[in-house]
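Single-structure report; data block below.
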Amino acid sequence: QTLVPLISWGELFKEASGLAVLARLFLVMGCLIFAFHPDRLVDPQSKNLSLGLSGAAMATFAFTRASLDFSILGTAASLVHNLSIALWFGGLIFLAQTVLIAPGGDDLMTAIRHFSRRSLLIISVTVISGVVHLYQLDGGAILTSRHGRLVILKVFGVVAMVYIGGATRQFISRGLAKKRQLDGRTAAKLRRFVLTEAAFGVFVLALTSWSVATLPDKAPPLGSDRTDYAFVSDRSGGGFDVQLHMTPALVGRNAVRIDVYSPGSGLTDLTVQFNPPTNNVASVTLNVPIDGAGSAKLPFSEGVPLNTPGLWTIIVTGNGPDGPLPSVTYTVSVLANTSEAPVNEDVNATTSTIAGGVSSPATVVVPLGETTVPSASGVQPVTATVVTTTP
């Protein structure tokens, strides 16, 4: 049982967002070296590496939602937004915990003035890139989506940070413009300003973490299927109402999705058998343990191997609450792996018997969105086993 979470990490390699998470993990681990050896931050031979590791770690957040429809503008805005946040918030923490902890001379005053001059540009870039990224995610549905409402709360926090930051810059430009030394009282006062701004930053970051767990308005529902299927059958109707999707309908691996509309419950032994056009090619059977209305998909990476071109006969069978259900047959033209487009064929209702075989290891099938099945039925995560019958 303890191995299951480790094995499931393999799913991270299938999506850009998962790869970004793994990259961020290793980059943060690299940053820990400098956290335990802060002297290396000012070492000319290692300071660029420390900046590169931390900057790259922040940049990976731009790919958090990379599984959604890719947008160059949205990804670029997210990348700039995350890096500018790191400079803004990181600069505040550096000032509060390193620069302003005691009185100082010219070097301390130089650091304060430098950050004060740069912070206005950093804040402007953060706000502009954030607005662009928000539009890419929510559009005009800021008040109607949970993600958008959380962003509204973030805006209040950002406004507070901007206001306090403006007051801090004004204090620095007017009160410290000509000073070459910073006394303890002034340092403590300035540190309170910076810590207050950073506290609102923590509030904003907390809301950001919460919003990542919600779905933006422009994002497809979790588990929805956006595959452009080459073959989409009609619904069979009746007591065994199913619909089959397959792509690319070419020789080789094929992704398959099965939607069950009825029976709503009590379904057992659901199988999808793929029979070749000739007797010298193995048939393939999918055993799909759905117990009622719902959908299951076998992804292309683990798809059904169709090893010869021609008219394949696909038979869907199952048992209902009262016994065997009438099987449904589809005829699909599978083409050689060329540029030719696959042809969709009609559906014929027949009865058939599924041959036995040897099971291969189970493959995980992702749940699909409620748009593919009656909304009241829900969608179940299932597994499917490919069974190949040798002719």
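In this note's numbering, the protein residues as written are -12 to 378. All C-beta atoms, glycine included, are put in the ideal place defined by N, C-alpha and C.
G188 beta carbon less than 8 Å from that of D256: no
Based on DSSP bridge pairs, tell me the residues matched to I159. Note: I159 sits in no beta bridge, so no partner.
Could you tell me the distance, in whole angstroms, from the CA atom of E289 to the CA atom of L130? 40 Å
Pair within 8 Å by beta-carbon distance, V319 and W299: yes
Selection from F158, K165, G281 that minimises the alpha carbon distance to F227: G281
Output needed for A323: all residues of its chain with C-beta closer than 6 Å, excluding positions within five of it in sequence on either side, in chain order. V238, P296
What residue from L121, N267, R161, V142 has the CA that sits closest to L202's CA? L121
Exposure of N241, with buried meaning 16 or more beta-carbon neighbours within 10 Å: buried
Residues in the same chain with beta-carbon distance under 8 Å from W197, minus the five sequence neighbours each way, listed in chain order, please. L137
Per DSSP, W299 forms a beta bridge with which residues? V319
What does the alpha-carbon distance come out to for the pair H24 and L293? 57 Å
Cα-Cα separation between L169 and S65, rounded to whole angstroms: 38 Å
Looking at the structure shown, is I232 part of a helix, part of a strand, or coil, going by DSSP? Sequence check: residue 232 is His here, not Ile. Reduced to three states, the DSSP call for H232 is strand.
Cut-off 6 Å between Cβ atoms - residues of its own chain near V219, not counting five sequence neighbours on either side: H232
Count the other C-beta atoms from every protein chain shown that fall within 10 angstroms of the C-beta of H101, then say buried if there are 16 or more, exposed otherwise. exposed
May I ask which residues mark the beginning and end of the beta strand (DSSP E) holding S270? 270 to 274
With which residues is T183 paired in a DSSP beta bridge? According to DSSP, T183 bridges with nothing at all.
Simplified DSSP state of T97, which is helix, strand or coil: helix
Distance CB(G279)-CB(G251) smaller than 8 Å: yes
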